[in-house]
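Here the structure is laid out as structure tokens; the discussion comes afterwards.
Chains as they are written, first to last, in the numbering used here: chain A, 195 to 491; chain B, 21 to 355.
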């Protein structure tokens, strides 16, 4: 095993980790603001991937440009889902709300999976980009163009989201609701609107991540739960104190997975996430970037 | 409107102190005897297979219900425990261990994994246990499909001597054992602590309930029976991919059986299993994606009909009682 192999593995770990990051940021945003855990998040990613796939296949648009359409379309889907399902449980108390959200979204997982299989069959699909297969060579290391673009888009999204949350008035309302929804109501914030925007934004992020997954990895109706799982582990790793903290935590998970696949057997790479999850619970339940008083509860 | 911590009057057939009423005991024994006689009465394999599935799903649903319905802990990876039971039992059995030992070891291994997840996650409140179980199930599903990609088939001589009624009696016995254990648990002092922490964990802790130990106890029972259900599946199925019992559908089916029947009730998973298997087998003949129908049904039950069939029955009897009372009142007025 040369130094080159190790560095190359690390680089690919960063690339896949940037997608984990975007998925987890969406999930963490919804959890942080609404106090619900949407285990169908990975399946929203899957739906977003198919939306991107069909946009690219039918119109021939550039995959990365298609994100500008996929995002808003998934935002609309988020509005519909929030109206139809999640709004009904938002009035419950903390623990009950959380448990009901787990149950409802788990039901949604099965529905979305089955509907996707019916509509688009179980075949695995990928989106071909103009620069597929071409790479930037730098000091003997390979940087595929599509994955570089991926990382760039991920960073751009995180910066935009950070600016939205910290520099706009509505972002402030979102953060206020996350901190204390009762106080937010007293301060005159329309929390139903905040919930709607937070959920739809999370869905849009999932959709964008889905298109990126379709470009780089592969798309099938049953990929949802494994992406949800990655996102959950990243959110636990990061802690819920900071939404954007999930992005570096995602990259960390990607890198750790890549190293373990190299060091141990790749067949066991999924176990790493589980071990990491247990270690965090035992050693630092508030997460790496979380505030001590607020765990994932 | 809290459908996890549902406050319920005593179920039909159970009196205030949790004892079964005499007619309920007679009905249970009668049903058991009829079920035990079925392979002697009929040779039709489709009926025996259908009943086998119902028994398997009673165990699957009840084992999920023990943890979620009574202790209030949401397990989104029940498939992990089912799958571990299947994997361990099948492997040991096909490698020459006597089946009864392999069967029990399947359940015990499953319990071991459950405690491994339960001990760190139950110390913390919130979604950690749900995430941990979901993670366990997904990780095992992917890892098992990586390490055991080949289909597992019974050896030729066991296929030629395959005895369906042995599978039938195993599933029936397991379903009875699960129901009986749940009943005994509900009658014991421990169930008071378990249900107290479901209703209000802080209050339970304040009154001296050791919440973590009670949660772990419920988890141990739940995962043991789920593992045995998996072991029964491994005994029944002639050939399957080793990752098949780890599929999330098993978790979903367990949730559905509990919710259709009535979460947190003794009889609920039994009714739920009968309903679910019967409707599913009929539906799969008509509709291509019957799982979608069940997914929608599940969400509707969670949102609108907490309590499931048991609760609907209770509401109906209350309605009839009210109607009868009104009729009586009219009769008195009439002359």
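We put the beta carbon where it would ideally sit given N, CA and C, even for glycine. Only a predicted model underlies this, so the values are computations on that prediction, with no experimental measurement involved.
| field | Proximal residues of chain A, C-beta to C-beta of residue 159 of chain B below 8 Å | value | Ordered by position in chain A, the residues that pass the 8 Å Cβ test against residue 159 of chain B are 423, 464, 465, 467, 468.
| query | Taking 8 Å as the CB-CB cut-off, is residue 282 of chain A touching chain B? | reply | The Cβ of residue 282 of chain A sits closer than 8 Å to at least one Cβ of chain B.
| request: Would you mind telling me which residues of chain B sit closer than 8 Å to residue 298 of chain A, beta carbon to beta carbon, in chain order? | output: In chain order: 319, 322, 323.
| task | Would you check if there are 3 or more beta carbon pairs closer than 8 Å linking the region 411 to 429 of chain A to the region 230 to 245 of chain A? | result | With the cut-off at 8 Å, the region 411 to 429 of chain A and the region 230 to 245 of chain A touch.
| request: Note down, in chain order, every chain B residue with its Cβ under 8 Å from the Cβ of residue 420 of chain A. | output: Within chain B, the C-beta atoms nearer than 8 Å to that of residue 420 of chain A come from 158, 162, in chain order.
| task | Pick out whichever of B:326, B:101, B:302 has its Cα sitting closest to the Cα of residue 129 of chain B. | result | Nearest option by C-alpha distance: B:101.
| task | Please list the residues of the region 194 to 227 of chain B that have a C-beta atom closer than 9 Å to any C-beta atom in chain A, keeping them in chain order. | result | Taking 9 Å as the Cβ-Cβ cut-off against chain A, the residues of the region 194 to 227 of chain B that qualify are 221.
| said: For residue 393 of chain A, would you say it is in contact with chain B, using Cβ-to-Cβ distances shorter than 8 Å as the test? | reply: For residue 393 of chain A, the answer is no, since every Cβ of chain B falls outside 8 Å of its Cβ.
| query | Mind pulling the chain B residues with CB within less than 8 Å of residue 415 of chain A? | reply | Chain B residues near residue 415 of chain A: none, gap ~11 Å exceeds 8 Å.
| request: Please list the partners that residue 472 of chain A has in chain B, where partner means a Cβ-to-Cβ separation under 7 Å. | output: Residue 472 of chain A reaches chain B at 140, counting residues in chain order whose Cβ is nearer than 7 Å.
| message | Excluding the 5 residues flanking residue 450 of chain A on each side, which residues of the same chain have their C-beta closer than 8 Å to its C-beta? | response | Cβ neighbours of residue 450 of chain A within its own chain (closer than 8 Å, five residues either side excluded): 207, 466, 470.
| request: Give a yes or no on whether the C-beta atoms belonging to residue 192 of chain B and residue 248 of chain B are separated by under 8 Å. | output: Their beta carbons are not under 8 Å apart, which means residue 192 of chain B does not touch residue 248 of chain B by this criterion.
| Cβ of residue 461 of chain A within 8 Å of any chain B Cβ | With 8 Å as the cut-off, residue 461 of chain A counts as an interface residue toward chain B.
| task | Have a look at B:158, B:346, B:283 and flag the residue whose alpha-carbon is nearest the alpha-carbon of residue 297 of chain A. | result | Out of B:158, B:346, B:283, B:283 has the C-alpha closest to the C-alpha of residue 297 of chain A.
| said: Quick test of your reading: residue 359 of chain A and residue 350 of chain A, contact by CB under 8 Å. State the CB separation rounded to the nearest angstrom. | reply: Going by Cβ atoms, the distance from residue 359 of chain A to residue 350 of chain A rounds to 15 Å, so no, they are not a contact pair.
| query | If contact means a Cβ-Cβ distance below 9 Å, which residues of the region 213 to 236 of chain A contact chain B? | reply | Cβ contacts with chain B come from 225, 231, 233.
| query | How far does the alpha helix (DSSP H) with residue 268 of chain B in it reach, from first residue to last? | reply | Per DSSP, residue 268 of chain B belongs to the alpha helix (DSSP H) from 268 to 281.
| message | Suppose the cutoff is 7 Å on Cβ atoms and the five residues either side in sequence are ignored; what does the same chain contact list for residue 98 of chain B look like? | response | Sequence-distant partners of residue 98 of chain B (beyond 5 residues in either direction) whose C-beta falls short of 7 Å from its own C-beta, in its chain, are 84, 246, 270, 271, 274.
| query | For a contact meaning CB atoms closer than 9 Å, what does residue 279 of chain A contact in chain B? | reply | Within chain B, the residues near residue 279 of chain A are 319, 323.
| Between the C-alpha atoms of residue 68 of chain B and residue 241 of chain B, what's the straight-line distance to the nearest angstrom? | Between residue 68 of chain B and residue 241 of chain B, the C-alpha separation is close to 28 Å.
| Under a Cβ-count criterion, where at least 16 other Cβ atoms within 10 Å of its own Cβ denotes burial, should residue 380 of chain A be classed as buried or exposed? | Flag for residue 380 of chain A reads exposed.
| message | By the three-class DSSP mapping on this structure, what secondary structure does residue 313 of chain B have? | response | Note: residue 313 of chain B maps to helix in three-state DSSP.
| said: Taking the alpha-carbon of residue 280 of chain B as reference, which of B:265, B:331, B:254, B:137 has the nearest alpha-carbon? | reply: Looking from the CA of residue 280 of chain B, the closest CA among B:265, B:331, B:254, B:137 belongs to B:331.
| Straight-line CA distance for residue 528 of chain A to residue 199 of chain A? | Residue 528 of chain A is absent from the model: chain A starts at 195 and stops at 491.
| field | Given residue 257 of chain A as reference, the closest of A:389, A:276, A:410, A:202 once Cα atoms are compared | value | For the set A:389, A:276, A:410, A:202, the Cα lying nearest the Cα of residue 257 of chain A is the one of A:410.
| request: Give the DSSP bridge partners of residue 331 of chain A, in chain order. | output: The bridge partners DSSP lists for residue 331 of chain A are A:336.
| field | Closest by C-alpha distance to residue 217 of chain A, when choosing among A:347, A:357, A:481, A:370 | value | The residue with the shortest Cα to Cα distance from residue 217 of chain A is A:347.
| task | Per DSSP, which residues does residue 34 of chain B bridge with? Please list them. | result | Residue pairing by DSSP puts residue 34 of chain B in a beta bridge opposite B:40.
| request: Note down the Cα distance separating residue 52 of chain B from residue 58 of chain B, rounded to an integer number of angstroms. | output: When rounded, the distance between both Cα atoms is 10 Å.
| said: Just to confirm, is the Cβ distance from residue 371 of chain A to residue 385 of chain A under 8 Å? | reply: Cβ distance < 8 Å, so residue 371 of chain A and residue 385 of chain A count as in contact.
| Top-ranked residue by Cα proximity to residue 277 of chain A, from A:404, A:312, A:308, A:394 | Relative to the Cα of residue 277 of chain A, the nearest Cα in the group A:404, A:312, A:308, A:394 belongs to A:394.
| query | Counting along the chain, where does the alpha helix (DSSP H) carrying residue 463 of chain A start and finish? | reply | 463 to 477 is the extent of the alpha helix (DSSP H) around residue 463 of chain A.
| request: Rounded to whole angstroms, what's the CA-CA distance from residue 255 of chain B to residue 441 of chain A? Just pull it up for me. | output: Note on geometry: alpha-carbon atoms of residue 255 of chain B and residue 441 of chain A lie some 46 Å from one another.
| Hey, residue 304 of chain A and residue 315 of chain B: beta-carbon distance below 8 Å or not? | Between residue 304 of chain A and residue 315 of chain B, the C-beta gap is smaller than 8 Å, which places the two residues in contact.
| query | Listed in chain order, which residues of the region 356 to 372 of chain A have Cβ atoms closer than 8 Å to some Cβ of chain C? | reply | Given the protein chain composition of this structure (A and B), no chain C is represented.
| field | Backbone secondary structure at residue 83 of chain B - three-state DSSP | value | In the structure shown, residue 83 of chain B falls within a helical segment according to DSSP collapsed to helix, strand and coil.
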